[in-house]
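Undergrad: In the numbering used here, the protein residues as written are 173 to 517. Pasting a structure here, questions to come.
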């Protein structure tokens, strides 16, 4: 018997290709998803080019070159902030590169804040000092200046948690349904809610263990700041993992095709990864972008995690994010259980 038969290879290739092409929903999704992503990126990041620096301005009016020559510098995004305390904390947390304050629009000497740990902030400071105009007065940022890696750690672990939760439940259940495994389970006394709950608990145990080990391992080398409670951070992460896992369950409730489930999971996870503030801040972005980001549970998870680690917040201070995570969990669990079906028919 030949080790490799071209005829068998050809037959298997044609069969799999026809199977995919005959699955109209999967074919349509694979064609539509890239177009939707391109349109989404074009809407969010449209313009002549992305700015190199992000500078917040506190002033009576919208930032304009009439206030200071620095505000005419190209490739810098200037946007208006309302409160000094919140803005200085953003500087310390690497959310913005520089903060400028103008007492009025009559040319009074401005003040500025910069994080000495931020390379971009130091470059923006040099551009400010070289721009001319009234000499700005340097101020100390409120709060301890942190490294960028301290700010980025929750985002890195959060994105990994998101993919593990969504794909670990959403994709696996669809594969079970397609292979007939769920159909056999349906012949047992097992109820849909029991099966769904077991899948979620199993996934939670796995992702919480791996995330905890990654955090501890990285902390041994990097010595991340922890102003709050480790227990509060663990409980928050558990709520976030539960919320993301329940979203994966909702995706898998009725889908019978692995291609469709993969497309839907990508459709959820990709915008969430970009707009949740995992790797860069959305300060100064259009209001509709920030409103869209607030819909995602990962946004609230990362914001709350940074508040615990960097600002010393407790769970009692994070009622809003926790309610959002629990509300997402309850809604996805309820609809997922109601819509769940055992077979792909």
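Don't be surprised by glycine CBs; every beta carbon is placed ideally from N, CA and C.
In terms of residues, what are the limits of the alpha helix (DSSP H) holding residue 318?
TA: Element bounds for residue 318: n/a, residue is neither H nor E.
Undergrad: For residue 456, count neighbouring Cβ atoms within 10 angstroms of its own Cβ and tell me buried if that reaches 16, exposed if not.
TA: When all chains shown are included, residue 456 counts as buried.
Undergrad: Between which two residues does the beta strand (DSSP E) harbouring residue 480 extend?
TA: Here residue 480 belongs to no beta strand (DSSP E); instead the alpha helix (DSSP H) covers 469–483.
Undergrad: Which residues in the same chain have their Cβ closer than 8 Å to the Cβ of residue 507, if we skip the five residues on either side of it in sequence?
TA: 422 and 425.
Undergrad: Could you tell me how far apart the beta carbons of residue 430 and residue 350 are, in whole angstroms, since I believe they sit closer than 8 Å?
TA: That belief holds up - the Cβ atoms of residue 430 and residue 350 are roughly 6 Å apart, short of 8 Å.
Undergrad: Check whether the region 470–490 and the region 394–404 are in contact - that is, three or more C-beta pairs closer than 8 Å.
TA: Yes, the region 470–490 touches the region 394–404.
Undergrad: Could you pull the DSSP bridge partners for residue 249 from this structure?
TA: Paired residues: 226.
Undergrad: Go through its chain and collect everything with a Cβ distance to residue 256's Cβ below 7 Å, but skip five positions before and after it.
TA: 230 and 273.
Undergrad: Enumerate in chain order the residues of its own chain whose CB-to-CB distance from residue 245 is below 7 Å, with the five nearest sequence positions on each side excluded.
TA: Same-chain partners within the cutoff: 299 and 303.
Undergrad: Tell me which residues share the same chain as residue 354 and place their Cβ nearer than 6 Å to its Cβ, disregarding the 5 neighbours each side in the sequence.
TA: Answer for residue 354: 348 and 514, listed in chain order.
Undergrad: Between which two residues does the alpha helix (DSSP H) containing residue 514 stretch?
TA: From DSSP, residue 514 is part of no alpha helix (DSSP H); its letter is neither H nor E.
Undergrad: Excluding the 5 residues flanking residue 489 on each side, which residues of the same chain have their C-beta closer than 8 Å to its C-beta?
TA: So the list reads 479, once near-sequence residues are dropped.
Undergrad: Going along the chain, which unbroken runs of the alpha helix (DSSP H) with 4 or more residues stay wholly within the region 426–472?
TA: Runs of the alpha helix (DSSP H) inside the region 426–472: 430–447 and 459–465.
Undergrad: Exposed or buried, what is residue 267 when buried is set at 16 or more other beta-carbons lying within 10 Å of its beta-carbon?
TA: Its Cβ being crowded by 16 or more others within 10 Å, residue 267 is buried.
Undergrad: Report, in whole angstroms, the separation of the C-beta atoms of residue 413 and residue 337, which I expect to be a contact under 8 Å.
TA: Contact flag correct, Cβ pair sits at about 6 Å.
Undergrad: Among the candidates 390, 241, 502 and 235, whose CA atom is the shortest distance from the CA of residue 322?
TA: It is 390 whose Cα lies nearest to the Cα of residue 322.
Undergrad: Could you tell me which whole alpha helix (DSSP H) segments of length 4 or greater appear in the region 339–390?
TA: Complete alpha helix (DSSP H) runs here, min 4: 353–358.
Undergrad: Would you kindly work out how many angstroms separate the C-alpha atoms of residue 352 and residue 505, rounded to a whole number?
TA: Taking the straight line joining both Cα atoms gives about 23 Å.
Undergrad: Please report the Cβ distance between residue 375 and residue 417, rounded to the nearest whole angstrom; I am assuming they are in contact, meaning their Cβ atoms lie under 8 Å.
TA: The pair is a contact, with the Cβ atoms about 5 Å apart (cut-off 8 Å).
Undergrad: Would you check whether the ligand MG has a heavy atom nearer than 7 Å to the C-beta of residue 367?
TA: With respect to the ligand MG, the structure shown offers nothing to examine, as it has no ligands at all.
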